[in-house]
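Presented below is the structure to which this report refers.
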Amino acid sequence: MARGRFITLEGPEGAGKSTHLALLAERLRAEGIAVRTTREPGGTKLGEAVRGLLQYDAAGEAPVPRAELLLFLASRAQLVQELILPALRRGEWVLCDRFCDSTFAYQGYGRGMDLAALHALNAFATDRLEPDLTLLLDIPQAESRARVAGRDGPADRFERERDDFHRRLAEGFRAMARECGRIRRIDSSGTPEQTAEAVWAAVSPFLQKEREDA
Ligand code: Z5A
Numbered sequence: 112m113a114r115g116r117f118i119t120l121e122g123p124e125g126a127g128k129s130t131h132l133a134l135l136a137e138r139l140r141a142e143g144i145a146v147r148t149t150r151e152p153g154g155t156k157l158g159e160a161v162r163g164l165l166q167y168d169a170a171g172e173a174p175v176p177r178a179e180l181l182l183f184l185a186s187r188a189q190l191v192q193e194l195i196l197p198a199l200r201r202g203e204w205v206l207c208d209r210f211c212d213s214t215f216a217y218q219g220y221g222r223g224m225d226l227a228a229l230h231a232l233n234a235f236a237t238d239r240l241e242p243d244l245t246l247l248l249d250i251p252q253a254e255s256r257a258r259v260a261g262r263d264g265p266a267d268r269f270e271r272e273r274d275d276f277h278r279r280l281a282e283g284f285r286a287m288a289r290e291c292g293r294i295r296r297i298d299s300s301g302t303p304e305q306t307a308e309a310v311w312a313a314v315s316p317f318l319q320k321e322r323e324d325a
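Read left to right, the sequence shown gives residues 112 to 325 (the numbering used here).
What follows is the structure, given as structure tokens:
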């Protein structure tokens with residue numbers, strides 16, 4: 112059986128990753144593809160526990176930047192081994208809401224940690240698994256802030272970061288999209304329908320190839 116495809120969705124807060132992950136999964140299933148959806152941090156029991164530590168200081172204190180990095184990587188290592196690799200081996204497509212590029216954007220460009228070290232640590236955590244395709248949903252910073260401000264519930268630790276942190280990570284995402292062929296930048300500032308069509312235009316060649324190879 113052919114290995115499934117691994118697609119990640121990335122971008123700043125409120126860019127529409129969760130929305131478009133669900134829409135894409137629905138559309139692929141309608142095409143007869145077995146799809147597994149998941150998210151980072153999270154997706155496993157351990158990962159969901161780590162999510163609480165990272166976003167809302169569930170341990171009673173905020174992690175220092177190196178601890179923050181290692182917690183994201185611990186969640187990723189568990190997710191890769193427990194969920195992503197087994198699903199891909201069964202021929203399922205895996206759609207993941209954030210993955211390694213969030214580490215490079217937030218901890219690298221945002222917090223200023225060394226990118227080469229992050230790549231090496233990430234490769235260890237994932238056993239070198241890389242997405243086949245990454246959809247970078249991009250919106251202007253003001254739009255991201257407005258969408259987050261319009262949501263119910265308390266802001267998480269990342270949403271409370273200063274504007275220059277968010278500017279650096281957004282520029283980091285764009286730099287990665289320019290440099291890395293697997294990352295497709297998609298304008299997500301229009302209507303959800305427009306974004307969904309752009310997402311499908313990026314994904315459908317993979318489906319076509321799958322059918323040609325079958
Ligand atoms: N993080 C990190 O630092 N390092 C790492 O390695 C990883 C993560 C993996 C995880 O939070 C946090 O961890 C994250 C980075 C950090 N920082 N924060 N915050 P998350 O991924 O759970 O949080 P998030 O990015 O804020 O996700 P979100 O709030 O769920 O945003 P979203 O999934 O991109 O958006 P959405 O839920 O689909 O909502 C979009 C809203 O916009 C919705 O109300 C729509 O009606 C509206 N809207 C308007 N136009 C559109 C279009 N065109 N498309 C979609 N939605 C639209």
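Quick reminder that beta carbons are idealized off the backbone N, C-alpha and C, glycines included.
Inset, instruction - Give me the Cβ distance between residue 284 and residue 122, rounded to the nearest whole Å; I'm assuming they're in contact under 8 angstroms. - result: The distance from the Cβ of residue 284 to that of residue 122 is about 7 angstroms, consistent with a contact at the 8 angstroms cut-off.
Inset, instruction - Return the residue from the list 233, 172, 213 and 319 that minimises the CA-CA distance to residue 282. - result: In terms of CA proximity to residue 282, 213 leads the group 233, 172, 213 and 319.
Inset, instruction - Leaving out five residues on either side along the sequence, give the residues of the same chain with a beta carbon under 7 angstroms from the beta carbon of residue 131. - result: Here residue 131 has 120, 248, 306, 307 and 310 as same chain residues with Cβ atoms under 7 angstroms from its own Cβ, once five neighbours each way along the sequence are excluded.
Inset, instruction - Out of 182, 146, 300 and 112, point me to the one whose CA is closest to residue 200's CA. - result: Residue 200 has its Cα closest to that of 112, out of 182, 146, 300 and 112.
Inset, instruction - Work out the CA separation of residue 135 and residue 319 for me, nearest whole Å. - result: Spanning the two alpha carbons is a distance of roughly 15 angstroms.
Inset, instruction - Report the residue ranges of all alpha helix (DSSP H) runs contained in full by the region 262-291; include only those spanning at least 4 residues, in chain order. - result: Segments of the alpha helix (DSSP H) lying fully in the region 262-291: 274-290.
Inset, instruction - Verify the contact flag: residue 267, CB atom, against every heavy atom of the ligand Z5A, threshold strictly below 7 angstroms. - result: Yes, the beta carbon of residue 267 sits closer than 7 angstroms to at least one heavy atom of the ligand Z5A.
Inset, instruction - Report yes if the C-beta distance between residue 300 and residue 277 is below 8 angstroms; otherwise report no. - result: Against a cut-off of 8 angstroms, the Cβ pair of residue 277 and residue 300 comes out as no contact.
Inset, instruction - With DSSP as the reference, label residue 191 as helix, strand or coil. - result: Helix at residue 191.
Legend entry - residue 196 vs residue 149 beta-carbon contact at 8 angstroms: Not in contact: residue 196 and residue 149 (Cβ atoms no closer than 8 angstroms).
Legend entry - Nearest candidate by alpha-carbon position, reference residue 258, set 128, 223, 118 and 114: Here the closest residue by C-alpha is 128.
Inset, instruction - Report buried or exposed for residue 262, applying the criterion of at least 16 other Cβ atoms within 10 angstroms of its Cβ. - result: Answer is exposed; the Cβ neighbour count stays below 16.
Inset, instruction - Please find out if some non-hydrogen atom of the ligand Z5A comes closer than 7 angstroms to the beta-carbon of residue 256. - result: Look at residue 256: its beta carbon is at least 7 angstroms from all of the heavy atoms in the ligand Z5A.
Legend entry - Contact set for residue 151: own chain, Cβ-Cβ below 8 angstroms, skip 5 residues either direction: Result list for residue 151: 158, 183, 186, 187, 190, 207, 208, 209, 210 and 213, in chain order.
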